[in-house]
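Its first residue numbered 13, the sequence shown is counted upward by one per residue in our numbering.
Beta carbons: idealized from backbone N, C-alpha and C, even for Gly.
The structure displayed is predicted, hence computed values, not measured ones.
Written out below as structure tokens is the structure these notes cover.
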Amino acid sequence: MFLLVAAAFIPARIYVANTDKFPHPERILVVAAVLFLIGLFWSTLLTWCGLDRMASLASAIALVGLLGTTGGLSEETSTTIAVAVTVAGATTVALLASRFGTSFARFLVRAATVFFLLSLTVSWVLDSARPEVNSSVEASHSTLPETLTSRPDIYLVLLDGFPGARAMSEIYEADLTNSGSMQLTEAWASYPMTIASVASVLEMGYPLGDGDVVGGRTADDLARIMSGENRLLDFLASQGYRTHQVESGYSSSFCSTSVDVCVESQFLDEGIFGILDQTVIRRELRERMGSAFTQSGLHAMRWLGANLPGLTHDTTPDFVFASVAIPHPPLLLDRDCSVDYEFWRVGNSVFAGEQIIEERRAAYMEQVQCVAAMELELSQLVPDTSILIFFSDHGGDSSGQMSRYEHDWTSTDVLERMNAHLAVQAPAACLDSNEVFLSEMMRDVLWCLSGDEPDLSREDSQIFTASRIRDSSSYRLRILSGAEMEALSIPSVSR
Ligand SMILES: [Zn+2]
Numbered sequence: 013m014f015l016l017v018a019a020a021f022i023p024a025r026i027y028v029a030n031t032d033k034f035p036h037p038e039r040i041l042v043v044a045a046v047l048f049l050i051g052l053f054w055s056t057l058l059t060w061c062g063l064d065r066m067a068s069l070a071s072a073i074a075l076v077g078l079l080g081t082t083g084g085l086s087e088e089t090s091t092t093i094a095v096a097v098t099v100a101g102a103t104t105v106a107l108l109a110s111r112f113g114t115s116f117a118r119f120l121v122r123a124a125t126v127f128f129l130l131s132l133t134v135s136w137v138l139d140s141a142r143p144e145v146n147s148s149v150e151a152s153h154s155t156l157p158e159t160l161t162s163r164p165d166i167y168l169v170l171l172d173g174f175p176g177a178r179a180m181s182e183i184y185e186a187d188l189t190n191s192g193s194m195q196l197t198e199a200w201a202s203y204p205m206t207i208a209s210v211a212s213v214l215e216m217g218y219p220l221g222d223g224d225v226v227g228g229r230t231a232d233d234l235a236r237i238m239s240g241e242n243r244l245l246d247f248l249a250s251q252g253y254r255t256h257q258v259e260s261g262y263s264s265s266f267c268s269t270s271v272d273v274c275v276e277s278q279f280l281d282e283g284i285f286g287i288l289d290q291t292v293i294r295r296e297l298r299e300r301m302g303s304a305f306t307q308s309g310l311h312a313m314r315w316l317g318a319n320l321p322g323l324t325h326d327t328t329p330d331f332v333f334a335s336v337a338i339p340h341p342p343l344l345l346d347r348d349c350s351v352d353y354e355f356w357r358v359g360n361s362v363f364a365g366e367q368i369i370e371e372r373r374a375a376y377m378e379q380v381q382c383v384a385a386m387e388l389e390l391s392q393l394v395p396d397t398s399i400l401i402f403f404s405d406h407g408g409d410s411s412g413q414m415s416r417y418e419h420d421w422t423s424t425d426v427l428e429r430m431n432a433h434l435a436v437q438a439p440a441a442c443l444d445s446n447e448v449f450l451s452e453m454m455r456d457v458l459w460c461l462s463g464d465e466p467d468l469s470r471e472d473s474q475i476f477t478a479s480r481i482r483d484s485s486s487y488r489l490r491i492l493s494g495a496e497m498e499a500l501s502i503p504s505v506s507r
């Protein structure tokens, strides 16, 4: 019982402080069970060696506690050294406990258990007391056609954080024009952060407006849209499509109940990787796996490669929305998609201080090349009777525009973050305009498949920048003025 509390404490502590990071909380049980079994094995071993049972239990609790908290040491030295220190610590506790007798050992066990339970309660209280700022999420709705006359399979693949071609050439001096049979189109994201941008693509409108906040309950609403409760999926389901959702391992990417087929992320999703990253195996884990997003991204692309050709050949129309969490940082993949771990490559932003910006940008471009090669390979597996769309929700942030508290984005900041990758393979030229706003992209595709003249009572196309809100993880949006859009030669509608 005491050992169970200790084994559950390590993952529970992280879960309690980040409940929204765990789309699959049941996976935590596996981690807790493994820790419990290690502790049980250790205490049985010590008892078998002749140690008092209470002293063995105290030592096992120390072992489990140390296993779960020596991530930093593992990172600084190596996994082997961290394991050695952990075993030495547990052995020391065993020796002390047996030296001072059973009642001392019992005291240690009880003190540890009280500490675990108290600190869990404190984390839980602190987390629930955190203030939330919210906006209401309601997409302005563009008009959709009545019905589709053509129903090809539609594969919509989100490549998270893949910069647009113009940003790549003007900011990164990189060139990725080899898109095979796909058409590269200049595209603009409407929101600079993933959940809002993807929600706008799937709602085919603008779920948030000027001054609105992205965070707290608003973020939960956007995540639900991203996960299948959206207009695009509803419309396609009403047209006889079988709907598939491929999770990315990012906590806001999960399958809602409205999805017919769910492809779960691999086991090491954002939450589980976050737990294991605190443990003794951190160094080994990072060197082999990179990050949750690295592995989940590769997993999602492999799933698409293995399954899209089969979906293409059956008679049911399929809609697949796949979230792929790369090439978004951390920057742990080289151009051949092998993990290349160094500490400076970690972090969720391209920007990580002026001193290493050149290295970070180069590493970002390597990861982009890895994803571009996978994209090209996948496009060759899908016949052009299906619609295959690779889009990104936003670009990079190498001048730190996503970390600022002020809305002081320059034209270059906007270009880098909002110019987004879009590569399309479609039977007819359903997306033949020179420039596309991602929020309107799928509506245009649906009109194209309806064979009707589109209802062009378009709303004004919008782009928002963001600034962080102090003492919270939320952002506030600001709409770009017509003049700011003109300065970037973005086709703005008069406002
Ligand atoms: Zn993103």
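For the alpha helix (DSSP H) assignment, the uninterrupted runs of no fewer than 4 residues enclosed by the region 91–129 are, from N- to C-terminal side, 91–112. In terms of CA proximity to A186, F174 leads the group S110, F174 and R254.
Taking the Cβ of T206 as the reference point, at least one heavy atom of ligand 1 falls within a distance shorter than 7 Å. With a threshold of 7 Å, the Cβ atom of G173 counts as near ligand 1, since some heavy atom of the ligand is closer than that. Within the model, the alpha-carbon separation for R298 versus R357 is close to 11 Å. Between L245 and the set V332, T424 and V137, the nearest pair of CA atoms involves V332. In this structure, R347 lies away from V362, with their beta-carbon atoms at least 8 Å apart. One thing to note: I50 has its Cβ no nearer than 8 Å to the Cβ of V28.
For L434, the enclosing beta strand (DSSP E) stretches over residues L434 to Q437.
For Q257, the CB contacts under 6 Å within the same chain, skipping 5 residues up- and downstream, are G240, C267, V271, C274 and F333 in chain order.
The closest CA to that of L500, considering only R429, N242 and G463, is found on R429. Taking a contact to require three or more Cβ pairs closer than 8 Å, the region 385–405 and the region 307–321 qualify as touching. With 16 or more other Cβ atoms inside 10 Å of its own Cβ, V457 counts as buried. Per DSSP, reduced to three states, the secondary structure at I293 is coil, with no helix or strand assignment.
In this structure, DSSP gives L168 an extended state, which the three-state scheme calls strand.
In the three-state scheme derived from DSSP, where H, G and I count as helix and E and B as strand, V358 is classed as coil. In the DSSP assignment, Q257 forms a beta bridge with C274 and F333.
The C-beta of C442 has 16 or more other C-beta atoms within 10 Å across all chains shown, which makes the residue buried. Between ligand 1 and the CB of H406, the shortest heavy atom gap is smaller than 7 Å. Q278 and S308 have their C-alpha atoms spaced approximately 6 Å apart. For the options S493, A177 and L58, the alpha carbon positioned closest to that of A199 is the one of A177. Taking the C-beta atoms as reference points, V169 is found nearer than 8 Å to F402. Straight through space, the alpha carbons of S263 and S484 are spaced by roughly 18 Å. Ligand 1 has a heavy atom closer than 7 Å to the beta-carbon of H340.
In this structure, the straight-line span from the alpha carbon of S350 to that of I369 is close to 22 Å. The way I'd put it, the region 105–118 doesn't touch the region 128–140; fewer than three beta-carbon pairs between them come closer than 8 Å. Using a 10 angstroms sphere on the CB of D222, the tally of other CB atoms stays under 16, which defines it as exposed. In the three-state reduction of the DSSP assignment, S501 falls in the coil class.
Residue pairing by DSSP places S148 opposite no residue, since no beta bridge is assigned to it. Where Y487 is concerned, the enclosing beta strand (DSSP E) starts and stops at Y487 to I491.
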